[in-house]
Every structure is written in C-alpha cells, then in structure tokens.
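There are 2 protein chains.
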Amino acid sequence: MKVLFLIMDGLGDLPNQVLDKKTPLEFAKAHYFKKLAKDGETGLMTTIDYGVVPGSDTAHLALFGYDPKEWYLGRGVYEALGAGIELREGDLALRANVATFKNGKILDRRAGRNGFGVKELFKEINGLEIDGVKIIAKHTVEHRGVIVLRGKDLSKEIVGNDPHKIGKIKDFEIKKGLKGKEKEKALFTIDVLRKLIETVNKKWENNSINKEREKKGLKKVNYLLLRGPGLLSKKPLSFEKKWGLKAACIAGGALYKGVAKFLGFNIYDVPGATGDTHTNLENKVKYAIEARENFVFLHIKATDSLGHDGKALEKARFIEKVDNVLKKFEIHKEFDLIFVSGDHSTPCVKREHSSDPVPLLFYGVNTRKDLGNFTETEAALGTYRVKALDILPIILDKLELAKKYGA
Amino acid sequence: MKVLFLIMDGLGDLPNQVLDKKTPLEFAKAHYFKKLAKDGETGLMTTIDYGVVPGSDTAHLALFGYDPKEWYLGRGVYEALGAGIELREGDLALRANVATFKNGKILDRRAGRNGFGVKELFKEINGLEIDGVKIIAKHTVEHRGVIVLRGKDLSKEIVGNDPHKIGKIKDFEIKKGLKGKEKEKALFTIDVLRKLIETVNKKWENNSINKEREKKGLKKVNYLLLRGPGLLSKKPLSFEKKWGLKAACIAGGALYKGVAKFLGFNIYDVPGATGDTHTNLENKVKYAIEARENFVFLHIKATDSLGHDGKALEKARFIEKVDNVLKKFEIHKEFDLIFVSGDHSTPCVKREHSSDPVPLLFYGVNTRKDLGNFTETEAALGTYRVKALDILPIILDKLELAKKYGA
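Protein sequences appear in the order of chains P and C.
All letters in the first sequence, in the order written, are residues 1 to 407 by this note's numbering.
All letters in the second sequence, in the order written, are residues 1 to 407 by this note's numbering.
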C-alpha cells in the first residue's frame, strides 16, 4: 500500500475581489482535484483549533500526527535539521539572516537579499568556540542560514536580536518570569550569543568577500540577525515506529524537510525543487511516484508564498498548474490512497496565515463517495470536520492498519 | 474594528405542529438574517457539549470565552452583579423570590407576581447583621430580588429553601458529602439563612406595606424563598485583558448584565429594554450602534421566554420583529463583523432549554460565503461545527488580532 500525502501550503483562502469574490481554489479550473473529490471523500480541517493561527512548523507536526503542544521545540530546530545539520540533544538552533550594519544601525536586514559569498562567511565562523560552547554555522539560500550552539546549559527561553525592521540594533533578551537555574541558563546563552555577534562583526567587516561584494555593487555582509530559538530537548518516536509506515519527504523548503527529518522521514533532494512558483513540479511528482516508501509527503510551497504576497490570480493559476501535473502523471493510478489538503489558510486579502478551515480530500481505498467537493465552501458538504491530528489515524484505518478498540 | 455580538436567547427550536412542522426560525420571514447568512458564514453551535443542557449563565460565560467549568460560581453571583450590587470576594449571593406564607405553608411562591411595595420590604432587611454576617437585600423586578451575605466562612455548598411548588415550607440543607471545614462553613451559612428567614417573616408579617397590599386585593408578602447560591470566590481576568477588546453590554435581563459585569463589560442601561416582547428593540439597536466599545453584546431575551411559554408562532413573529429592526438600521453597514446566534435552544414543544445545536452566522470582514443559511437545518451546510468557547478565538482571528502559533 502506498499513500500520497500532498500538502499545498497555505491552500485555504477567503473570497477575493479580483476573482469575482471567489477563493483561488474556487476560481481555479482544477478539474483533476475535483474529479478525485467527486469520487472520494471531502471535508474541512481546522488545523490546530478554532481561531488558532498555525505556523507551518506546528501545522506540519500536527498533520504528521505529532501534537505540537508536545513536539514544537522552536523553529530553529526544524530549520537546522532541514539545512542538513545533524543536531544532538541539548543543541540550541536559531534561524539566521546576514545583514548590513553601520554605526549601531541595521541598514538592511537581508544585505540586499544577495547570497554572494555568504557561504564562505558562514564557514569562517563555523567551528568557533565561545565559553566552552561550539558554534555551528551553515548557509542555506540567499541571505539565510542557521546557527547552532552546542554545549551545556543552553536555553531557548530567549528572544533573538532581530529588530524585524531597519534602524537601531536590538540586543538579545531573556524571556520574562524566568527563575533560578532556568534564568541562569538563559543569561549564559545570551552572553555567548552577544560574544558571537561581536566576533562575527569583526571577522566579516573587512573580509575579502565584502571587498568583492563592494566591487559588484552588493551590500556589505557584516552582521548576523538571529531568531526562532529552538532546543532539541528530546527526540520523538519516529514516524515509522509511531504509525508503521516508512515515510519519504519531497519538499523544497528547509523548514518542511526539517520537520520531516525530525520525525525520521527519508528526505529526497529533488533537482529543481525550489519551493517557489518556478519549482520543478514534474520532477517532484516523478520522485513521489518512484519513492519506495509507503507514505510519501509531497510539499508544495508556492500557494502559501502567493497568499503572503496577496496574489490571488497567481495562486489560482498555480493550483491549476499543480492540478495539471498530477493529472498528467495520473497519480490516482500510482497510489492506493491520496490525501490532499493545506497546512492552513493563507488568505490573499490577509497576506498572512489564518485559522480558517482548509478543504481536504481522500481518494482511493476504503473511501466513500460523499457530496462534497474540493473547495472551501463545498467541502462543508463532505464527510469530515477534523483537526490535523485526526488525519493519520484516519489514513491508518483506510489502509486497514488500525487496531480495534474493544471487541 | 467594531463587532456586533447578537444573542437571541433560546433561539434554537424543534419542528412545531402549529408552524407546519417548521421551527420558529424556519417559519419566520427573516429575510435580513438570511441575506447576511447568504453573504457570510454559517454553522451549528453546540453550546457546552453534546447533550448538555445549558443554563443562560453558563452559556453566556462560554460564549464570552470563559470556560463555565472554571468560571460558573453559581447563579446568585451573576444575579447580584446584574442587580447592581458591588460584590466583594467571599460574598455569598442568592436569587430571592418574595412569597405568601401561612401556617407553615407556602400559598404562593411569587406573592401573586405583584411587586407593589416589595422594594420597601427589601430595604427593611437591607443592612441587617446576623452572627457577624451583613445582609444586603435588593429588589429587582416584580417578586424578584437578590440577597447577599457578606462575612467570613460562607459556603455555597448549600441548597436553598425554595420548595419549587406550593405547600409545606422547605428548610435549607447542606450539600451531601461535605467534610471538615467545608461542612462547618455550610452549616454556619444555613444557620445564618434560617435566622434571616425568621427575621424577615417577623419584620414583614404585620408591615404597613402588607396592609396596603391587602387593601388593593394583593397577596401578602411575608416570606423569602432563596435559591441559586453563588460565592464570589475569585475574579476572572477582564474580557478586555483576555481578548483585547473593550466590551459593551446591552441587555434587559439582570442575569445577562451580571455575567457581563463579572467580566468587566461596560453596562448600558437602555430606556425601554425590558427583557420581554415589549422591549424597545429600536432603542437597543441604536445604543449598540452608538456604543464606543469595539465589542458590543446585544442580548434579546423574548425568544427564550416564548420558548418557555410554548408560543411557537409568537416566537417566529418576534424573530421577524428583530429582523425588521436590524434591517431598518442596516446594521451590516455599522459593524465590521457581525455574529448572530442563540445561547442555547428553548424548543416550544419542550418549554425548556435543550442541548440541540443553535444556528450561527458570521458576516463581515474575513468571512467566506458558504452554502449554509440561518436556520437549524440549513446551517448544517455551512462552515462551522463549534462549541461556544470557540467563538471568541474565531472572532479574534477575523479581526486579525490572533497570534500565530509557531512560525
């Protein structure tokens, strides 16, 4: 038995003026999705809970059947794992941006979004040791990277130094209300981080990379902005042990790969899987079909990004593109069970995540043919009103792997 | 942003013979509600839980996002606050009826439902002190009032002296299974209450008010029936602090004002807001529109009372009346978001509250245009299947005030 678990990030939406008051999914000519829905089951999923706006990390944990209340360890953990860092228990990981700094001020939080030489700059600080804490630094894409602190007595009860706007630099802080040992650990952690920032600034300021950047007319990279602290404080039971399914991850974005890695998925690096609208959808679907695992998580990011950018028509067109590729490969013949949904809504009118329910569909073994369709409003006519945590147990029963409760 | 939170008490119903087997809401020509529903979202709300019959107090606490398991302190608390008594922590409050008593028997539990002179009679006992406990007595309307005991070591683990039928008087009791200090406190409390009843009887028996009542052919007021003990054992975080919205209450009934007062709402006293079918709906809606708070709770009681009286046609007609007034004031142009529902069902065939789900509608910012309508059965085609506790988080996200959980 082989399951396709297809998540179009931020799929759900709200009515949009540019689409005649339809949502992108309602507006899209997504005939293939609608065919699957007509021959299968539909419903609405409230990812975490009513009114709770999910992050993509908490949402995916829940979709894979891991309660984020227990397993959300902070964004940095999933970013670092997704970047390919082999985290150990006790490691503190933070998402990093390189920035342009001058006279106590951040001039650009992303150093012009240009990644030239940034890989080398991260390498220069990788392996540093500060007060017994080892620094692991890894560049990912453009101005982005990950910083991991490896040592004793680290705490994630801190707030990073990213001011989230240009202007005056911001110091690290410890979270309010900490006491005793926890407070000591947090103070120690921000002390190490302050020293790291100072070192980074010195090492990068007059670096030859910056001279080359200057020649190219690029902004200087001489500061590090850190956020999303996460501590690998414990490790979960693997997805395979928990659900009895070998899992594969086909995703462009580091965060999704990281969540999957955290749960022990096999991560495929698909050529051309970029996590944006230019991603090579055909390659991703091919890899999904060819994967030998029996649970294939296929993640598509651009629906969310287009929601954040408020591009409703483009979101509709991108859904059509996904629909076409899936149709071309006749995925309904390749998998025994198909689940399609989003991790949350990202309404174009809000340009942010929202708690609005997301439509879902099941197609394949042991499914009914219900009255719903695969849109935000018509899915309400279908079988399900569920939370994300309900999905894996439903899949298990459809695969006839669920245990009977009672006799 | 301004929200109208409209609750028609006991709105939900069951099919009724006199309405061609329709419910009052299905039968009513409530075109305006249906227009809002068509352009917004609908659903069904199970107030507390499946099969749990809500009281109006517990239902409203839940609707405002306060779990009644934690915040239902007993009816008396909300009655007393609604009557305008400034309760202090530790106060024990009870709902009071004045009654007609003779030779150990209650002849009329409501002294003929006539409030003549009752205000003065309450004043006569207000301020009494019994065993170090101060008595606060306040008349509200007709035969109704509130008694508050202020002192140390009071307990709400008691049963009142209202026999709930005419005939032999009933003594106060302590609840079963009490032990130690809690039992002592309950015994002390009913001792004070017994002495209060004795004093009341003596003070009222030959009072000049009763002579005047006799002349008018009214029943004697010489007894006090107490029920619904509530102890202000703790104070909640205010609605404004909890949800970040300044709240206004526009209601006729004391209980609703009391719940709102408990949570720190600004209470408007609207001329003509009587809490019955003759209430001045236009004034209430005007006040709602003019209120400066950004969360306006507008409560309409008569739907519930007509349910209790089994008057299905009148209930339908009253819903039409509300619909007409809202239409006249074009409230959809006055608020950014409108939520309409009931606090529970009060089916005319049952003449009591029931746990049957209540239809709901959302109209305004960040709402979809779903397939449901604003009736008990058609709301099932809509987006939501929720509990009352889910409503405020949903509203917050629609107002774009919800915090993201994760990244």
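Glycine included, C-beta positions come from ideal geometry on N, C-alpha and C.
{"Query": "Using CA coordinates, which residue listed in C/H278, C/V296, C/A93 is at the minimum distance from C/E314?", "Result": "C/H278"}
{"Query": "Does DSSP put C/T46 in a helix, a strand or coil?", "Result": "strand"}
{"Query": "Taking just the CA atoms, how far does P/E129 sit from P/D191?", "Result": "13 Å"}
{"Query": "List the DSSP bridge partners of P/K168.", "Result": "P/K105"}
{"Query": "Using beta carbons (cut-off 9 Å, strictly below), is C/Y384 in contact with chain P?", "Result": "yes"}
{"Query": "Of all the CB atoms in chain P, is at least one closer than 9 Å to the CB of C/K403?", "Result": "yes"}
{"Query": "With which residues is C/C249 paired in a DSSP beta bridge?", "Result": "C/I267, C/F297"}
{"Query": "Could you please give the first and the last residue of the uninterrupted alpha helix (DSSP H) stretch that includes C/S56?", "Result": "56-63"}
{"Query": "Alpha carbons only, please: which of C/F27, C/N97, C/E282 is nearest the one belonging to C/D13?", "Result": "C/F27"}
{"Query": "Out of C/K369, C/V386, C/K387, C/T47, state which residue places its alpha-carbon closest to the alpha-carbon of P/D20.", "Result": "C/K369"}
{"Query": "When you compare each of P/L392, P/T383, P/T375, P/G406 to P/K29 by their alpha carbons, which one comes out closest?", "Result": "P/T375"}
{"Query": "Is P/T100 near the ligand SAH, in the sense that its beta carbon is under 8 Å from a heavy atom of that ligand?", "Result": "With respect to the ligand SAH, the structure offers nothing, as it holds no ligand at all."}
{"Query": "Taking only beta carbons into account, state which residues of the stretch 344-371 of chain P come closer than 9 Å to chain C, listed in chain order.", "Result": "P347, V349, K350, E352, H353, S354, S355, D356, P357"}
{"Query": "Counting pairs of Cβ atoms below 8 Å between the stretch 310-327 of chain P and the stretch 250-265 of chain P, do you hit three or more?", "Result": "no"}
{"Query": "In terms of alpha-carbon separation, which member of P/H143, P/A99, P/L396 lies closest to P/K119?", "Result": "P/H143"}
{"Query": "Comparing alpha-carbon positions, which option in C/K404, C/D397, C/V349, C/K138 lies nearest C/G76?", "Result": "C/K138"}
{"Query": "For the alpha helix (DSSP H) containing C/G258, name the first residue and the last one.", "Result": "254-262"}
{"Query": "Residues of chain P with CB closer than 7 Å to the CB of C/E400, please, in chain order.", "Result": "K350"}
{"Query": "So, under 8 Å CB-CB, P/L360 and P/V340 are touching, yes? Tell me the CB distance rounded to an integer number of Å.", "Result": "7 Å"}
{"Query": "Output needed for C/H31: all residues of its chain with C-beta closer than 8 Å, excluding positions within five of it in sequence on either side, in chain order.", "Result": "D323, K327"}
{"Query": "Going by DSSP, which residues form a beta bridge with C/G230?", "Result": "C/A93"}
{"Query": "Would a check of beta-carbon distances place C/L381 closer than 9 Å to chain P?", "Result": "yes"}
{"Query": "Does the stretch 196-215 of chain P come into contact with the stretch 30-45 of chain P, if we say contact requires no fewer than three beta-carbon pairs (one atom in each stretch) closer than 8 Å?", "Result": "no"}
{"Query": "Are at least three pairs of beta-carbons, each pair with one atom in the stretch 338-355 of chain C and one in the stretch 1-18 of chain P, less than 8 Å apart?", "Result": "no"}
{"Query": "Counting pairs of Cβ atoms below 8 Å between the stretch 60-70 of chain C and the stretch 385-397 of chain C, do you hit three or more?", "Result": "yes"}
{"Query": "Could you say which of C/G84, C/N126, C/D153 lies nearest to C/S233 if we only look at CA atoms?", "Result": "C/D153"}
{"Query": "Along chain P, in chain order, which residues have C-beta atoms closer than 8 Å to that of C/P393?", "Result": "D49, Y50, G51, V52, S355"}
{"Query": "Please report the distance separating the alpha-carbon of P/E320 from that of P/M8.", "Result": "12 Å"}
{"Query": "Can you tell me which of P/K350, P/L306, P/L196, P/L298 puts its alpha carbon nearest to the alpha carbon of P/S338?", "Result": "Rather than Ser, the amino acid found at residue 338 of chain P in this sequence is Ile. Of P/K350, P/L306, P/L196, P/L298, the residue nearest in Cα terms is P/L298."}
{"Query": "Could you tell me whether the Cβ of P/Y72 comes closer than 9 Å to any Cβ of chain C?", "Result": "yes"}
{"Query": "Under a three-way DSSP split, which group does P/G82 fall into?", "Result": "helix"}
{"Query": "Can you list the residues of chain P that C/D309 reaches, using a CB-CB cut of under 8 Å?", "Result": "Ordered by position in chain P, no residue passes the 8 Å Cβ test against C/D309, which lies about 34 Å from the chain."}
{"Query": "Across the stretch 71-85 of chain P and the stretch 170-186 of chain P, are there enough close Cβ pairs to call them in contact, namely three or more that are closer than 8 Å?", "Result": "no"}
{"Query": "Does the beta carbon of C/D397 come closer than 9 Å to any beta carbon on chain P?", "Result": "yes"}
{"Query": "My understanding is that C/A186 touches C/I158, with C-beta atoms under 8 Å, so please give their C-beta distance in whole angstroms.", "Result": "5 Å"}
{"Query": "Any beta carbon from chain P within less than 9 Å of C/A407's own beta carbon?", "Result": "yes"}
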